[in-house]
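Numbering (our numbering), first residue to last: -17 to 443.
Cβ atoms here follow ideal geometry from the backbone N, Cα and C, with glycine treated the same way.
Single-structure report; data block below.
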Ligand code: UGA
């Protein structure tokens, strides 16, 4: 099919490139000429594994191109995907770019006799597509929805895995204005073998928010339990959660073997969730509920628990060192999660700021992030070794494989004090050499007689 995608950010470009990969003819539109030029040269404007290869082949095979001309792209397409950004402002989403895109698409629809489907891919709160977007489209096009198709088609792409997630979706949710809209949009996903859910526009919008809110809730639940453990000698959140998830309702036994759904990785204590989606989406959902007078105590708590995590990590470092003033600390990993260079809402940034405020000399290292690009932060070191030289403590903030698997036999001697604070509980503490003081998250901080009673571990599956 012929598809126009407006917005060449994560969602738009990944969608456009992947749809071209499965055989469609795609025009990616952006109003920033430099971005369009970069895409046409095969250089994605952000780092995403596998994207540049698929972009190059799409360009090479002539199924993909980028343009600044949205009107022409709409005229040439059967399906138009609106995938522009919806940044957060004071806990509400800014719909300016969605409105502008809808207006331009609508104006172009006015001159087209052919039936076309407009689908919102941007994350928008329930009701946005059938009120705001529909209103703008109808007014600009001079015809009612139905004369053109209208859908809401949320994306469920994780940064760092976006191409894989797009090409192997768990499900495709198609919110539809009418059955014809959904049926036409579904044609772009004909080759995808996964459940396709046809539902109302508002259900599709809410499904996206509810999905991210649940992930955030699992993380904050784990972190709240971790805080409880920290105040309770003899407890360890890692052991508690490891036993908890063996409930067969979480991890069923199939053909005699324990299946561990990926969702369980969100039941893990750490320094809190970050990124461009979870914090923004939970806050937007809360704002949406507030406007309707609906209490959202759970969402409030999810955000509040998350906001407390960086300070809890800093308190743990302070407890380990006695005094932070003048100490030297190595922060290992600064991106919001491994596999991306994205710093948005990264807990590392808050930890860095709190440490700087406390008079700490911080040195940071990240395998991929090489500059804070405008955000405040210390100089980033070129290597783990450089960050650790003379440090009083190393704090593992982002569990990059390189950091988790680091050889502390070699690294520890470079430190002034051999203290490791593992803010993600990602290290194998038992494998660390002697002489290192290891502090994980969510462990009773004071000793307890029972600590010596037996060895922890699990037998069987
Ligand atoms: C998230 C969702 O996972 C996607 O399904 C969704 O499509 C996307 O937001 C979006 O709305 O666009 P992403 O922000 O890339 O994707 O990040 P995740 O991999 O879910 O990580 C979010 C936070 O959870 C990070 O801070 C990460 O450290 C934490 N996390 C992630 C865990 O604690 N455990 C995990 O197993 C994975």
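Bounds of the alpha helix (DSSP H) holding residue 368 are 366 to 370. Residue range -8 to 3 is occupied by the alpha helix (DSSP H) that includes residue 2. By the neighbour-count criterion, in which a residue is buried when 16 or more other Cβ atoms sit within 10 angstroms of its Cβ, residue 173 is exposed. Residue state for residue 133 is assigned as strand, using DSSP reduced to three classes.
Distances from the CB of residue 354 to the heavy atoms of the ligand UGA are all 8 Å or more. Only residues of its own chain outside the window of five on either side were considered, and among them 345, 369, 370, 373 and 376 have a CB closer than 6 Å to the CB of residue 312, listed in chain order. In this structure, the CA atom of residue 75 is about 14 Å from the CA atom of residue 115. For the set 14, 97, 138 and 2, the Cα lying nearest the Cα of residue 128 is the one of 97. Taking the Cα positions, residue 339 is about 25 Å away from residue 208. Fewer than three pairs of CB atoms, one per stretch, sit closer than 8 Å, so the region 180 to 200 makes no contact with the region 236 to 243. The Cβ neighbour count for residue 141, taken over all protein chains shown within 10 Å, is at least 16; the residue is labelled buried.
Here residue 180 is bridged, per DSSP, to 156. Closest in alpha carbon position to residue 186, among 102, 236, 297 and 204, is 102. With a contact defined as Cβ atoms closer than 8 Å, residue 139 and residue -8 qualify at about 7 Å. Taking a cut-off of 8 Å for Cβ pairs, the region 165 to 179 and the region 244 to 258 do not touch, as fewer than three such pairs fall below it. In chain order, 402, 414, 415 and 418 place their CB closer than 8 Å to the CB of residue 390, counting only its own chain and leaving out the 5 sequence neighbours on each side.
Distance between residue 119 and residue 84, taken at the CA atoms: about 6 Å. Selection 56, -5, 58 and 73 evaluated against residue 40 yields -5 as nearest (Cα-Cα). Residue 352 counts as exposed, since fewer than 16 other beta carbons sit within 10 angstroms of its beta carbon. Counting C-beta atoms within 10 angstroms of its own C-beta, residue 108 has 16 or more neighbours from the protein chains shown and is therefore classed as buried.
With fewer than three CB-CB distances shorter than 8 Å, the region 212 to 229 does not count as touching the region 22 to 37. When secondary structure is reduced to three states using DSSP, residue 94 falls in the coil class, being assigned neither helix nor strand. For the region 267 to 325, the continuous beta strand (DSSP E) assignments of 3+ residues that do not extend past its boundaries occur at 310 to 314, in sequence order. Three or more Cβ pairs drawn from the region 47 to 55 and the region 3 to 12 lie within less than 8 Å of each other, which places the two stretches in contact. The alpha-carbon of residue 256 is positioned some 45 Å away from that of residue 95.
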